[in-house]
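Protein chains in written order, with our numbering: chain A, 1 to 222; chain B, 1 to 230; chain C, 1 to 246. Glycine residues also receive a C-beta, built at the ideal position from the N, C-alpha and C atoms. Structure first, then comments.
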Amino acid sequence: MNSIGINELRYMLQGLSMTLRLWVVSFFFGMIMGIILGIAKSNHKIKVFRWIAAAYIDMIRGIPLIVFILVGYFGANYLGSDIDLPRFGVASAVLSLYSAAYLGEIFRSGIESVHKNQWEAASALGFSYVQSLRYVIIPQAIRITIPSTIGFLIGLLKGTSMVIVISLTDLTTASRRIAEHTRMPFLVLGLAAMVYFVLNYPLTKLGEKLEEKYKIKKGSLT
Amino acid sequence: MDFIDLRYYVPLRHLDVFARGLLLTIRLVALSCTFGLALGIIGAFLKTSKNRILYIMSNAYVMFFRNTPLLVQIYFLYFALPTLNIDMSADNTALLALSLIFGAYATEIIRGGIEAVHNNFIEAGFSLGMNSLQVFRHIKLPLAMKAIAPPLSNQIILIVLSSAIVGQISGRDLLYEASLLDSRYFRSFEIYTVTALIYFLFAKVLSIIFYKLNKKIFRQEPPQRLSSTL
Amino acid sequence: MIIVKLKDVHKYFGSLHVLKGISLSVNEKESVVIMGPSGSGKSTMLRCINHLETINSGSIEVDGELLTSEITQHSASIRKLRERIGFVFQGFNLFPNLTALENVSIGLKVVKKMDKQQAEEIAMNSLEQVGLKDKPSSYPDQLSGGQQQRVAIARSLAMQPRLMLLDEITSALDPELIKGVLETLERVNELGITTIIVTHEMNFAEKSADRICFFYNGKILEDGNPKEIIEHPKSIEAKNFFHALK
Numbered sequence: 001m002n003s004i005g006i007n008e009l010r011y012m013l014q015g016l017s018m019t020l021r022l023w024v025v026s027f028f029f030g031m032i033m034g035i036i037l038g039i040a041k042s043n044h045k046i047k048v049f050r051w052i053a054a055a056y057i058d059m060i061r062g063i064p065l066i067v068f069i070l071v072g073y074f075g076a077n078y079l080g081s082d083i084d085l086p087r088f089g090v091a092s093a094v095l096s097l098y099s100a101a102y103l104g105e106i107f108r109s110g111i112e113s114v115h116k117n118q119w120e121a122a123s124a125l126g127f128s129y130v131q132s133l134r135y136v137i138i139p140q141a142i143r144i145t146i147p148s149t150i151g152f153l154i155g156l157l158k159g160t161s162m163v164i165v166i167s168l169t170d171l172t173t174a175s176r177r178i179a180e181h182t183r184m185p186f187l188v189l190g191l192a193a194m195v196y197f198v199l200n201y202p203l204t205k206l207g208e209k210l211e212e213k214y215k216i217k218k219g220s221l222t
Numbered sequence: 001m002d003f004i005d006l007r008y009y010v011p012l013r014h015l016d017v018f019a020r021g022l023l024l025t026i027r028l029v030a031l032s033c034t035f036g037l038a039l040g041i042i043g044a045f046l047k048t049s050k051n052r053i054l055y056i057m058s059n060a061y062v063m064f065f066r067n068t069p070l071l072v073q074i075y076f077l078y079f080a081l082p083t084l085n086i087d088m089s090a091d092n093t094a095l096l097a098l099s100l101i102f103g104a105y106a107t108e109i110i111r112g113g114i115e116a117v118h119n120n121f122i123e124a125g126f127s128l129g130m131n132s133l134q135v136f137r138h139i140k141l142p143l144a145m146k147a148i149a150p151p152l153s154n155q156i157i158l159i160v161l162s163s164a165i166v167g168q169i170s171g172r173d174l175l176y177e178a179s180l181l182d183s184r185y186f187r188s189f190e191i192y193t194v195t196a197l198i199y200f201l202f203a204k205v206l207s208i209i210f211y212k213l214n215k216k217i218f219r220q221e222p223p224q225r226l227s228s229t230l
Numbered sequence: 001m002i003i004v005k006l007k008d009v010h011k012y013f014g015s016l017h018v019l020k021g022i023s024l025s026v027n028e029k030e031s032v033v034i035m036g037p038s039g040s041g042k043s044t045m046l047r048c049i050n051h052l053e054t055i056n057s058g059s060i061e062v063d064g065e066l067l068t069s070e071i072t073q074h075s076a077s078i079r080k081l082r083e084r085i086g087f088v089f090q091g092f093n094l095f096p097n098l099t100a101l102e103n104v105s106i107g108l109k110v111v112k113k114m115d116k117q118q119a120e121e122i123a124m125n126s127l128e129q130v131g132l133k134d135k136p137s138s139y140p141d142q143l144s145g146g147q148q149q150r151v152a153i154a155r156s157l158a159m160q161p162r163l164m165l166l167d168e169i170t171s172a173l174d175p176e177l178i179k180g181v182l183e184t185l186e187r188v189n190e191l192g193i194t195t196i197i198v199t200h201e202m203n204f205a206e207k208s209a210d211r212i213c214f215f216y217n218g219k220i221l222e223d224g225n226p227k228e229i230i231e232h233p234k235s236i237e238a239k240n241f242f243h244a245l246k
């Protein structure tokens, strides 16, 4: 039985770094694409936007993340068959696309939750569709979607562990290898679990708090 | 761009493999959701009890499983249980892990439904002389069903998608069978896109079935599925 | 000069015939009150004037613009027109994420493209006109219903409209708050802005309006001097209506 030394810890830290990087990058790009998708899917006028956004979201949400990563990775390799694609890049891209679908649905729901009267008030002032969205609807929609978005953020952190299938070493993979190597699963995997927990738990609490706050505030929205 | 050489006949010729995998997944999901439901009912009961210790225990259970990745949980069980001299097959370990996580989510869903049951009915039960357990079983739970069914059905679908992970400890399911096929023929893209399609169709069919069931039994429209599979 | 002209306007909601041949002319600086039982089409007509609803047949001419059923909700010509028309809703429809000052100035900043300082100056002015100059940083949920409605009026006023349309603006308010809003309305009339007001407030109509139009079942049955119409209505329906209100 090997013991856990500085090398093992360093390996786990590298894994953690990978996890965090994937988490942040995917959320960032996923958010941008998600907002666009949400606006597209809630658009009353141009049916094509709505249809494409809805089809994309529906498709992604019906597939396990792990399978999507495999499809994305092998698909990317197919298209760029002579280049050795950077695995972090592919993983981030796939996770971003995955996030976009979920965040898009969350955001669409937020936009459609904003009372129709707000659209009318903006129209009555002379706002265009884009102006109404930008100054009146989206600010309110973002506020509404914060609890769900936090919920997704938690899920995304957990989802980064799936990159094992394309041989990226994240915290989970690193911990597993060390656990096998040192034959101390309780300690090592327990430690990994603790790290994820420490990252997620505050978010969970924050989400619960905000959801309560939003429920109370909703009554006063005109 | 190089000549794209997609050989879909590879997966299409082995649809029996996919069928077998799908059945394994269905079995896995059905069993784990059943056990998980039992866990959820117990967990909800504990979490709504006045007893502080019971509350903390069930809360810890829920918090742990909801805030850590499923993969870590499944590895933990797979590697740690043998050291306690508990020998489980990979399939059973997978079943245990999925049951536990479904139980955690189910606890929250059921608890939410129960707490929404109007106080008046509960008081009526106590006034009849029922104790906590009886009130829970005969009043709270039945009345909560209507609120519980839709999110619970959504959660089952999420478990279907989450179950794809069991292949990592060699638990047998659809993705595992697909990966075996992949290791034989190396037509990864084709095989995995077919796999994705099968998951998609299965999840779709399941959601339609649940929608119709919920509508018929409870006259309830399912809420929007905003949470992810992770 | 005629600022609003409706000619034989018909409007359907599905198979429901809501406006059955409305013809109405409103002159500049006039203050017109529209009264009538619920569901008679008053609000619908008002919403057609600023094209929140589209008419099925007939014509509406507002400040030189012709409104037809082909024009879409967000077209440029409609938007330009709406800069000159103020619309105040029954439910106030203030933007909950903005303060009173921000609510009033947002139209100026976004639509009239003014810079922040200029917009806020005008906005403060409008708030003063409605008697709320001490509440610029308050959010809508910190204000009473009457105050919120006055902010809504200020929001329209700040755009310096030629015409203001007010749709039952006191119907959602508690009785003691109505007085403040009506006083504000009188001030708006004094400013020389043409107003078309849908309301049930008879005293206000008698005192401040130049004209009353009585709506019944999608048609205008009476149109003229307030005192005349209230005291001596010609039609039975009007008689019953005003009698019930007294």
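Residues near residue i in its chain [Cβ-Cβ closer than 8 Å; skip 5 each side]
i      : result
B:R172 : G21, L24, A90, D91 and V166
C:V181 : G146, Q149, R150, I153, I169, T170 and L173
B:A106 : G36, L37, L39, G40, I41, G43, A44, L152 and Q155
B:I157 : A203, L206, S207, F210 and R225
A:T222 : In this prediction, A:T222 scores a pLDDT of 30, lower than 50, which makes its location untrustworthy; no coordinate-derived value is stated.
A:I4   : I178, T182, M184, L187 and V188
C:N125 : A158
C:L245 : H200 and M202
Pair within 7 Å by beta-carbon distance, residue i and residue j
i      : j      : result
A:R108 : A:K41  : yes
A:R90  : A:Y73  : It should be noted that the sequence gives Val, not Arg, for residue 90 of chain A. Yes, the Cβ-Cβ distance between A:V90 and A:Y73 is below 7 Å.
C:E222 : A:G126 : no
A:G110 : A:I150 : no
C:T44  : C:K80  : no
C:I196 : C:I212 : no
A:G104 : A:G38  : yes
C:P140 : C:P96  : yes
B:Y8   : B:E190 : yes
B:G125 : B:V117 : no
C:A123 : C:V104 : yes
B:L181 : B:L95  : no
Beta bridge counterpart(s) of residue i as assigned by DSSP
i      : result
C:E65  : C:V62
C:I85  : C:L163
C:G224 : C:I212
C:H10  : C:K20 and C:S57
B:K47  : Partner(s): none; B:K47 has no beta bridge.
C:M35  : C:F214
Among the options, nearest to residue i - alpha-carbon criterion
i      : options                          : result
C:D174 : C:Q147, C:A152 and C:L165        : C:Q147
C:T199 : C:Y139, C:I2 and C:G39           : C:G39
C:E102 : C:L127, C:Q90, C:N203 and C:F87  : C:L127
C:I178 : C:I106, C:L163 and C:S144        : C:S144
C:N93  : C:R155, C:S235 and C:G192        : C:R155
A:L189 : A:I106, A:Y98, A:M12 and A:I60   : A:M12
B:V72  : A:P64, A:S175, A:I146 and A:T182 : A:S175
C:G86  : A:N200, A:Y78, A:E120 and A:R183 : A:E120
C:E206 : C:T194, C:H232 and C:G218        : C:H232
B:L232 : A:Q140, A:S17, A:R61 and A:T173  : This structure cannot speak to residue 232 of chain B, because chain B is shown only from 1 to 230.
A:T145 : A:Y201, A:L16, A:E211 and A:I36  : A:E211
Beta-carbon contacts of residue i that lie in its chain and below 6 Å, excluding the five residues immediately before and after
i      : result
B:Y78  : T93 and I169
A:G219 : Model confidence at A:G219 stands at a pLDDT of 43, short of 50, so the residue's coordinates are unreliable; what they give is reported in the following sentence. Excluding residues within five positions, none has a Cβ falling inside 6 Å.
C:G36  : K42, F214, F215 and Y216
C:L67  : H51 and I60
B:N67  : none
C:S235 : L221
Cut-off 7 Å between Cβ atoms - residues of its own chain near residue i, not counting five sequence neighbours on either side
i      : result
A:E112 : S42
C:S23  : L6, K7 and D8
C:N56  : H10, K11, Y12 and S69
A:F29  : S96
A:L203 : I150, L153 and I154
A:W23  : L156, L157 and T160
A:S26  : S92, L95, S96, S99 and L156
Inset, instruction - Taking only runs that begin and end inside the stretch 96-160 of chain B, name each unbroken alpha helix (DSSP H) of 4 or more residues, in chain order. - result: 119-127 and 132-135
Inset, instruction - Return the chain-ordered ranges of every alpha helix (DSSP H) run that is complete within the stretch 44-117 of chain A and spans a minimum of 4 residues. - result: 47-61, 65-79 and 87-113
Inset, instruction - Taking only runs that begin and end inside the stretch 173-216 of chain B, name each unbroken alpha helix (DSSP H) of 4 or more residues, in chain order. - result: 174-185
Legend entry - Complete beta strand (DSSP E) runs within the stretch 157-197 of chain A (minimum length 3 residues, chain order): none
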